[in-house]
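K.L.:
Structure incoming, see below.
Residue numbers (the working numbering): 24 to 180.
Below, the structure written as structure tokens:
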């Protein structure tokens with residue numbers, strides 16, 4: 024199943040309305056929950072890989088910060104953005120899937136982008152977040168993942 028279909032299925036399974044609006048360029052999407060939750064995407068974002076990351080991020084808001092952020096203080100808004108971003112990262116770029124890509128022969132970032140169905144920018148941002156969480160490298164089973172520079176290789180015992 025394509026990531027876009029999987030995300031749409033999850034959105035609809037959570038009874039979230041998904042719609043589009045012609046926001047200014049600086050607004051990619053909005054999550055709101057006034058009775059029934061809704062994700063409103065900027066209809067001018069046409070690239071599927073970018074839309075996948077945006078949908079995942081907005082789903083992250085649904086699961087981690089379901090309250091109204093419009094009146095929230097800047098530190099609270101920032102914390103909710105971080106939580107939503109981390110949730111999205113774990114949903115669309117889990118470490119296990121990075122190892123699966125490696126095992127499938129994926130070696131270049133453009134191949135990884137196609138494998139994960141997310142943009143190169145989303146991958147780069149995700150690697151920065153993983154480095155903030157785990158430091159320079161993380162061992163997952165029989166593999167070691169380094170984040171800067173990004174690499175996956177079999178761990179030596």
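By construction, the Cβ of each residue, glycine as well, lies at the ideal position given by its N, Cα and C atoms.
Quick check on residue 170: buried or exposed, where buried means 16 or more other Cβ atoms within 10 Å of its Cβ?
P.N.:
When all chains shown are included, residue 170 counts as buried.
K.L.:
Whose CA, out of 73, 167 and 95, lies closest to the CA of residue 143?
P.N.:
73
K.L.:
Going by Cα to Cα distance, which pick from 114, 113, 177 and 82 is closest to residue 60?
P.N.:
82
K.L.:
Using alpha carbons as the reference points, say which of 66, 145, 98 and 93 lies closest to residue 57.
P.N.:
Comparing C-alpha distances from residue 57 to each of 66, 145, 98 and 93 shows the shortest one belongs to 93.
K.L.:
Taking the straight line between their C-alpha atoms, what separation do you get for residue 32 and residue 124?
P.N.:
23 angstroms
K.L.:
Taking residue 155 as the reference, give the member of 129, 109, 116 and 121 with the closest Cα.
P.N.:
109
K.L.:
What's the call for residue 71, buried or exposed, on a 16-neighbour Cβ count within 10 Å?
P.N.:
exposed
K.L.:
So, at 7 angstroms on beta carbons, what are the nonlocal neighbours of residue 177 in its own chain, with the 5 sequence-adjacent residues on each side left out?
P.N.:
165 and 166
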